[in-house]
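Residue numbers (the numbering used here), protein chains in the order written: chain L, 23 to 381; chain V, 5 to 358; chain X, 15 to 318.
Read the structure below first, then the notes.
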Amino acid sequence: MSAATTAVEPSPAVDKGGRARTAARSASRWTFLARRTGFYLAAAWAAITLNFFLPRLMPGDPSAAVVAQLQQVSGQQVDQHQLAAIQRLFGDPSANIGQQYLDYLRQLANFDLGTSVTYFPTPVGDLLWQGLPWTLLLVGTTTVIAFVLGTGLGAVAGWRAGTRFDTIVSPLTTFVSAIPYFWMALLGLWVFSFLLGWFPLSGGYDPDLAIGPNLPFLLSVLQYGALPAATIVFSAFGGWLLGMRNMTVTTVREDYVLLAHAKGLSTRRVLLRYAARNALLPNFTGFALALGHVVGGALLTEIVFSYPGIGYLMYSALQQRDYPVMQGVFFMITLTVLLANLLADTVYVLLDPRIRDQG
Amino acid sequence: MTAPTEQRRPPGAPAAAGTVLDVRGLTVEYATGQSPVRACVDVSFTLRRGEILGVAGESGSGKSTLITALTRLQRPPAVTTAGQILFHGRDGAPPVDLAALDAKRLRRYRWTSLSIVMQSAMDALNPVMRLGAQFADVLRAHDRTLTRKLAWARAAELLTLVGISADRVRDYPHQLSGGMRQRAAIALALACGPELVVMDEPTTAVDVVMQRQILAQVLRLRAELDFAVVFVTHDLSLLLELADRIAIMYAGRIVEVGSSAALYADPQHPYTRGLRASFPPLRAPLTTLTGIPGSPPDLRDPPPGCPFHPRCALRTSGCDTHLPPLVRAAADPDRQVACLLHPSPQDPTGGEQR
Amino acid sequence: MRLEFLRSWKVITGLALLAFFALLALFGPWFVRHVLGIDPLANDISAIAQPPSGAHLLGTNQFGQDVLGQVIEGTRASMSVGLLAATIGTALAVLVGVPAGYFGGRIDTALNFVTNLFLVMPVLPLILIVAGYLRGTGLWVIALVIGVFGWSGAARTLRAQALSVSSRDFVRAMRMVGERSHRLIFFEVLPHLTGLIASMFLHAMIGAVLAEAGLAFLGISDASVVSWGTMIQSAQDQSAVLRGLWWWFVPPGLCIALIGTAASLVNFGMDELANPKLRAARSTTVRRARRLQRTARLNGGEAS
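Structure below.
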C-alpha cells in the first residue's frame with residue numbers, strides 16, 4: 023500500500039492561525055481517503071489473484087472440466103482460440119504460472135470474463151448485464167426502504183426507550199432478525215403465494231408478455247417483485263431498527279445532548295442536530311456498505327423466488343458447474359462491495375469531522 | 005406551596021435580599037431495585053448573588069445527583085421527589101420554583117438564568133458541530149432577533165474572553181487541547197449572561213497548571229460578569245481556595261456549611277475534619293495526611309441515625325439512633341452543622357427520630 | 015458479582031434456550047431412537063408426506079421420514095458444524111488479532127491488512143466458489159470453510175482489546191524487565207480477554223449454524239447427514255412449498271430462528287449490563303421511575 027507509507031501524520035495540536043490549520047485539515051482528509059483507496063485497490067488485486075489461483079489449487083483440472091462440458095453442451099470440438107481463453111482463466115497445466123497470471127490480468131483488463139458453458143457461446147459479461155438491472159431494481163429499492171423504515175422506527179424506539187412501543191417492538195424485532203432469511207422467504211411464498219394466491223410463485227415478470235417499456239409488462243414486474251421485496255424489507259429492517267435504537271438510547275444520554283437540553287434549545291433541535299445527527303453516524307456507514315451488498319446480497323432471495331437477477335445466475339452456474347459465470351459474478355460482486363466500502367469511508371469523512379483528522 | 009415542603013424549610017433561613025438561589029428540602033430518589041434509593045435527602049442551602057458556593061464530597065455522596073436535579077437534567081431512574089429550587093431573578097420578579105416548572109416554561113430560564121459547565125468538555129460538546137455553531141444556536145434560541153453572522157461574531161468574542169483566539173470558532177471540539185476545550189465550555193456557559201453557573205468538577209480532566217489557570221479565570225470572569233457559582237468537586241483543598249462558602253455532602257445530605265475560611269480553620273463535623281486532614285494544604289508545608297477509615301455507606305441500605313456514625317471516631321450514644329438535623333451554629337450565623345456533638349440552642353433535644 | 019448477568023431475564027432466557035439445544039445435540043439422537051422409538055432415517059412407505067398426526071407428531075416428509083425425529087437428529091449436525099467452525103474461526107481470530115494488538119508496528123500493519131481484506135471480501139460468493147470447486151463436501155469441510163472465512167470481525171475487536179491491555183502499566187513494566195513475549199501473551203494478555211473471547215465464540219457458533227443452513231440451502235452440504243439446513247434444502251428440492259408440505263420446512267427453520275434469538279438475547283442482556291446508559295432504558299427502570307414520580311406529585315413535592 024503505497025498510499026499508507028507516504029501518509030503524513032496530521033498535527034491537530036499545532037496552532038498557527040486558522041488558515042494553516044484548515045489547510046492541514048483538508049490535506050489529512052485527502053490523505054485518509056487516499057489511504058483507503060490504496061487499501062481497496064490492494065483488496066481488489068487480492069480478490070482477482072484469488073480468483074486466479076483458486077481453480078489452480080483445486081484438486082482435478084477445472085479447465086479440462088470446462089472444456090469437456092463445453093464439448094458436451096455445444097456438441098462440437100473446442101477450437102484453439104477458445105481453449106487458450108479457458109486455460110487463461112482456469113489454468114494450463116503445461117504453461118508457466120507467471121506468464122499465465124499476466125495473461126489472465128490482461129484478459130480481465132479488457133473486461134473479457136470468458137464464455138458461459140451453459141449458455142454457450144454467450145459471453146459471461148452479457149449474462150451479467152442481463153441480470154444486473156433486475157437485481158439492482160429489486161435489492162436497491164428494498165435496501166433503501168428497509169433502511170429508512172428501520173432507522174426511523176429505531177429512533178422512535180430509542181427515544182421512547184422503556185415505553186410500551188419499545189418493549190413490544192424491540193424484542194419482536196430481535197426474533198425477526200434471527201430468522202434465517204431463506205426460510206422466512208419460503209414461509210412467505212407458502213402463505214402468500216400458495217395458500218392465499220396473492221402473488222405469483224416464481225419469476226420476475228409474466229413470461230407471456232413482451233419484455234419492454236409497456237404498461238402490462240411493468241405492472242407484472244411490480245406484481246412479481248412485490249413478495250420478494252417484502253421479504254427482503256421484513257428481514258433487513260430489524261437490523262437497522264435495533265442498531266438505531268441502541269445508538270439513540272446511548273446518544274440521548276450523552277453529555278452533549280444533556281447540555282443541549284440545558285441550553286434551552288427546542289426539543290426538535292436537540293433531537294435533530296444533537297441526538298439524531300450523532301446516532302445516525304454508524305447507520306449511515308452501514309447503509310453505504312449495504313449498497314455494496316445489493317448485487318451479492320440477493321442471492322438467497324433470487325433463488326427462492328427464481329428471480330432473474332445476478333444471484334440466480336450464480337446459483338444456476340453453481341448447479342451447472344459453469345465456472346466462468348461463477349468467477350464473473352464473484353468478480354463483479356467484489357468490485358461493487360469494494361466501491362461501496364470506499365463510498366462508506368467518504369460518507370464517514372464528510373459526516374464525522376473526527377475521522378478527518380485521525381488519518 | 006404545600007405544607008410538607010414548608011415544614012422541611014430549615015429554621016431561620018429566609019430568602020434574604022441578594023439571594024439568587026434558595027434550595028429547600030430537595031430530595032432525589034433513584035427508582036432502581038425494589039425500593040427507591042435516596043441519593044439526595046432534604047438538601048437545603050441558599051446562594052447569594054455573585055457568590056461561589058463549593059459543594060464537596062466523596063464519589064457517591066450525591067453531589068452529581070444534586071447537579072442534575074438543580075439543572076433539571078435528570079433522567080429516569082432519578083426522580084426529584086420533594087423540595088423546591090427557588091430562583092430569584094435579577095429583575096426582582098417573585099421567585100420561581102425551577103423544580104415545579106413544566107418543560108416549556110423551564111426552557112425560558114435555561115442558560116439565560118442558569119447554565120452548566122460539565123465535568124468533561126470533550127463529552128459535553130457536540131463532536132460533529134463547529135464550536136461557533138454550538139454558541140450560535142443557544143444565542144439565537146434566546147434572542148430571536150440575532151442574525152447568524154452576529155451570533156458567530158459573539159461566539160468569537162466569548163472565546164477571546166477565556167483566552168482562546170477568535171479564529172478557533174470554526175474548529176471542531178476535538179481540534180482543541182483539553183484545557184482549551186474546558187475553557188471553551190466555560191465561555192459557552194457564559195454566553196447568555198446567566199446569573200448562576202453550575203460547575204461539575206470542571207477541572208478534573210486537565211493538568212494542575214491548567215487547573216490553576218481555569219480557576220483564576222473563573223474568579224476573574226465572576227468579578228467582571230457577576231454571576232454566582234455552585235462548584236461541585238471531590239477536592240476540598242481546591243474549594244478552600246476558590247469558594248466563598250463550602251457545603252460538605254455525605255451520603256446524600258449536607259452535613260456542614262460554612263465560609264471557606266471558617267471551614268479551613270475550624271471544621272466542626274467529624275467528617276469535614278477527616279476530609280480536611282486527608283488533603284495536603286496548598287500553601288503550607290506538608291504534614292502527615294490521615295484518611296477516613298471505612299467507606300461511604302450503601303445508599304440502598306443506609307445505617308440508622310447519623311449516616312456517618314459507623315466511620316466516626318467521635319460517635320457517642322444516640323448517634324446510631326438519632327439523625328442530627330442541619331442546624332445553625334450559635335457563634336457563627338453562616339455556619340450550619342449536622343452533628344449531635346454540636347447541639348444548637350434552638351434545638352436542644354437534637355435530632356429527629358428515624 | 016460474577017453472576018450479575020443472571021439478573022437479566024434476557025440473558026437467562028437466552029442461555030436456557032442455548033442449553034436446551036445443547037442437550038438436544040448431545041442426547042437427541044439417543045432420545046429419538048430409544049425413547050420415541052423413531053429411526054429418523056428410515057423410510058416409511060406407508061406414510062409419505064403425511065401432515066402432523068398422532069403417529070408422526072410433526073408429520074413425515076416426501077420420503078416417509080419422521081420430521082420430528084429428523085429435527086432432533088439434525089440438531090447434532092447443525093451444532094457440530096457450529097462448534098467446529100466457531101473453534102476454527104475463534105482460533106484464527108485470536109492468532110491474528112492478539113499479536114497484531116500486542117506487537118504493533120509492522121506485524122500489526124501486515125496482520126491488520128489481512129484482517130481488513132477478509133472483512134471486505136464478499137464471503138458468501140467466495141464460499142460458493144470454493145465449495146463449487148471442491149464438489150463433494152463433508153460436514154468437516156463446510157465447517158472449515160465457514161471458520162476460515164468468518165474470523166475477521168472478531169480479529170478486529172480482539173486487536174483493539176489486546177492493544178489496550180498491552181498498553182496497561184503492568185504489561186509495559188513486565189516487557190521492560192525482559193519478560194518473554196509469548197509468556198506475556200499467554201499469561202497476562204489472554205486471561206484479560208477470556209470473557210470477550212467466550213462471547214465471540216458463542217456468536218461465531220450461532221453464525222456458523224446459520225451459515226451451515228444457508229449453504230445447505232444453496233446445495234452445499236453433506237447429503238448423507240441430517241441437519242436443519244439439509245432438511246430445508248431437501249424440502250426446497252422437493253418443492254415442499256408448492257405442495258403445501260409446511261411441516262417439513264417450518265420446524266427446522268424455527269429451531270434456527272430460536273437459536274439466533276437466544277444469542278441475540280444474551281448479547282442484548284450483556285450489553286445492557288455493561289452499558290449503564292442502556293440499562294437506564296430498561297422498561298422496569300422506566301416504569302419504576304414513573305411510579306415514583308407519580309407518588310411524589312401526589313405528596314405535593316413536585317407540583318406547583
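The C-beta atom is built at its ideal place from N, Cα and C for all residues, glycine as well.
Residue environment, residue 111(X), which counts as buried when at least 16 other CB atoms sit within 10 Å: Looking up residue 111(X) in the third sequence gives position 97. Residue 111(X) comes out buried.
Segment contact, 8 Å Cβ cut-off, at least three pairs: the region 148-167 of chain L with the region 356-370 of chain L: no
Residue 358(V) by DSSP, collapsed to three states: which one? Stepping through the second sequence from its first residue, residue 358(V) is reached at position 354. Note on residue 358(V): pLDDT 40, under 50, position unreliable in the model; no value is reported.
Ordered along the chain, which non-local residues of its own chain (more than five positions away) have a Cβ less than 7 Å from that of residue 298(L)? Within the first sequence, numbered from 1, the residue matching residue 298(L) stands at position 276. Answer for residue 298(L): 177, listed in chain order.
Looking only at its own chain, which residues have a Cβ that is under 8 Å from the Cβ of residue 150(L), when we skip the five neighbours before and after it? As a working mapping, residue 150(L) is identified with position 128 in the first sequence. Excluding sequence neighbours, residue 150(L) sits near 135, 332, 335, 350, 351, 354.
Helix, strand or coil at residue 141(L) [DSSP, three-state]: One-based indexing of the first sequence puts residue 141(L) at position 119. Residue 141(L): coil per DSSP, three-state reduction.
Could you work out which residues of chain X lie near residue 356(L), taking near to mean beta carbons separated by less than 9 Å? Within the first sequence, the letter at position 334 stands for residue 356(L). In chain order: 134, 135, 136, 139, 140.
Among 277(X), 36(X), 38(X), whose alpha-carbon lies nearest the alpha-carbon of residue 196(L)? Mapped onto the first sequence, residue 196(L) falls at position 174. Of 277(X), 36(X), 38(X), the residue nearest in Cα terms is 277(X).
Out of 89(X), 69(X), 258(X), 40(X), which has the shortest C-alpha to C-alpha gap to residue 272(X)? The residue labelled residue 272(X) in the question sits at position 258 within the third sequence. The shortest C-alpha separation from residue 272(X) is found at 89(X).
Just checking my contact of residue 87(L) with residue 168(L) at CB under 8 Å: how many whole Å lie between their CB atoms? As a first step, residue 87(L) is located in the first sequence; it is residue number 65 there, counting from the start. As a first step, residue 168(L) is located in the first sequence; it is residue number 146 there, counting from the start. In fact, because the Cβ distance is near 40 Å, the residues do not count as touching under 8 Å.
Going straight from the alpha carbon of residue 155(X) to that of residue 344(L), what length do you get? To locate residue 155(X), count along the third sequence from 1; it is residue 141. To locate residue 344(L), count along the first sequence from 1; it is residue 322. Approximately 22 Å, taken between the alpha carbons.
For residue 78(V), name the three-state secondary structure that DSSP assigns. Walking along the second sequence from the start, residue 78(V) turns up at place 74. DSSP places residue 78(V) in coil when its eight states are reduced to three.
Can you give the Cα-Cα distance for residue 67(V) and residue 164(X), rounded to whole angstroms? Start at 1 with the first residue of the second sequence, and residue 67(V) comes out as number 63. Start at 1 with the first residue of the third sequence, and residue 164(X) comes out as number 150. So the two alpha carbons sit approximately 48 Å from each other.
Taking all protein chains shown into account, do 16 or more other C-beta atoms lie within 10 angstroms of the C-beta of residue 219(L), making it buried, or fewer, making it exposed? Counted from its first residue, the first sequence places residue 219(L) at position 197. That one is exposed.
Take residue 82(X) and list the residues in its own chain whose beta-carbon comes closer than 6 Å to its own, dropping the five residues that flank it on each side. Position 68 of the third sequence holds residue 82(X). Cβ within range, chain order: 71, 72.
Measuring CB atoms only, is the region 186-198 of chain V touching the region 215-232 of chain V, in the sense that at least three cross pairs come out at less than 8 Å? yes
Residue 186(L) at chain V interface by Cβ criterion, 8 Å: Position 164 of the first sequence, counted from the start, is the residue given in the question as residue 186(L). Not closer than 8 Å to any Cβ of chain V, the Cβ of residue 186(L) fails to qualify, so no.
Assess, as a yes-or-no matter, whether the region 318-328 of chain L is touched by the region 60-80 of chain L under the definition of 3 or more beta carbon pairs within less than 8 Å. no
Under 8 Å between C-beta atoms of residue 55(L) and residue 277(L): Here residue 55(L) refers to the residue found at position 33 when the first sequence is read from its first residue. Here residue 277(L) refers to the residue found at position 255 when the first sequence is read from its first residue. Going by C-beta atoms, residue 55(L) is not nearer than 8 Å to residue 277(L).
For residue 79(X), which residues in the same chain have their Cβ closer than 8 Å to its Cβ, ignoring the five residues on either side in sequence? In the third sequence, residue 79(X) corresponds to position 65, counting from 1. Only 54, 55, 56, 57, 58 meet the Cβ criterion.
Give me the chain X residues within the contact set of residue 33(V), using Cβ-Cβ distance strictly less than 7 Å, ordered along the chain. As a position in the second sequence, residue 33(V) is number 29, starting the count at 1. The contacting residues are 306.
How would you label residue 344(V), buried or exposed, when you count the other beta carbons within 10 angstroms and need 16 or more for buried? On the second sequence, position 340 is the one that residue 344(V) refers to. That one is buried.
I need the DSSP call for residue 203(V), collapsed to helix, strand or coil. The count along the second sequence starts at 1 and reaches residue 203(V) at position 199. Residue state, collapsed to three classes: strand.
Determine, using beta carbons only, whether residue 274(V) and residue 318(V) come nearer to each other than 8 Å. Working through the second sequence from its first residue, we reach residue 274(V) at position 270. Working through the second sequence from its first residue, we reach residue 318(V) at position 314. Yes. Within cutoff.
Do residue 253(V) and residue 87(V) have their C-beta atoms closer together than 8 Å? Your numbering for residue 253(V) matches position 249 in the second sequence. Your numbering for residue 87(V) matches position 83 in the second sequence. In this structure, residue 87(V) does not lie closer than 8 Å to residue 253(V) by Cβ.
Buried versus exposed call for residue 233(L) [16 or more other C-beta atoms within 10 Å across all chains shown]: Start at 1 with the first residue of the first sequence, and residue 233(L) comes out as number 211. So residue 233(L) counts as exposed.
Would you mind telling me which residues of chain V sit closer than 7 Å to residue 301(L), beta carbon to beta carbon, in chain order? In the first sequence, counting from the first residue as 1, residue 301(L) sits at position 279. Per Cβ cutoff of 7 Å: no residues; residue 301(L) is ~11 Å from chain V at best.
Which same chain residues, not among the five before or five after residue 121(X), have their C-beta less than 8 Å away from its C-beta? As a first step, residue 121(X) must be located in the third sequence, where it is residue number 107. Closer than 8 Å at the Cβ level, and outside the excluded window around residue 121(X), lie 113, 114.
C-alpha distance - residue 312(V) paired with residue 236(V), whole-angstrom precision: In the second sequence, counting from the first residue as 1, residue 312(V) sits at position 308. In the second sequence, counting from the first residue as 1, residue 236(V) sits at position 232. Each residue's Cα considered, the two are about 20 Å apart.
Which of helix, strand or coil does DSSP assign to residue 85(L)? Counting from one through the first sequence, the residue named residue 85(L) turns up at place 63. Three-state result, residue 85(L): helix.
Bridge partner(s) assigned by DSSP for residue 33(V): For the purposes of this step, residue 33(V) is taken as the residue at position 29 of the second sequence. According to DSSP, which records beta bridges pairwise, residue 33(V) is partnered with 42(V), 83(V).
Skipping 5 residues on each side, what residues in its chain have a beta carbon closer than 7 Å to that of residue 230(V)? Numbered from 1 along the second sequence, position 226 holds the residue referred to as residue 230(V). Excluding positions up to five away in sequence, the list reads 54.
Residues in the region 344-374 of chain L with C-beta within 8 Å of chain X's C-beta atoms, listed in sequence order? 345, 348, 349, 351, 352, 355, 356, 359, 360, 363
Unbroken beta strand (DSSP E) runs of length 3 or more, entirely within the region 155-243 of chain V: which are they? 200-204, 232-237
CB of residue 171(V) to nearest heavy atom of the ligand FAD: below 7 Å? This structure does not include the ligand FAD; it has no bound ligands of any sort.
Nearest to residue 244(L) by CA position, among 260(L), 225(L), 128(L), is which residue? For this step, residue 244(L) is matched to residue 222 along the first sequence. Minimum Cα distance to residue 244(L) is reached at 225(L).
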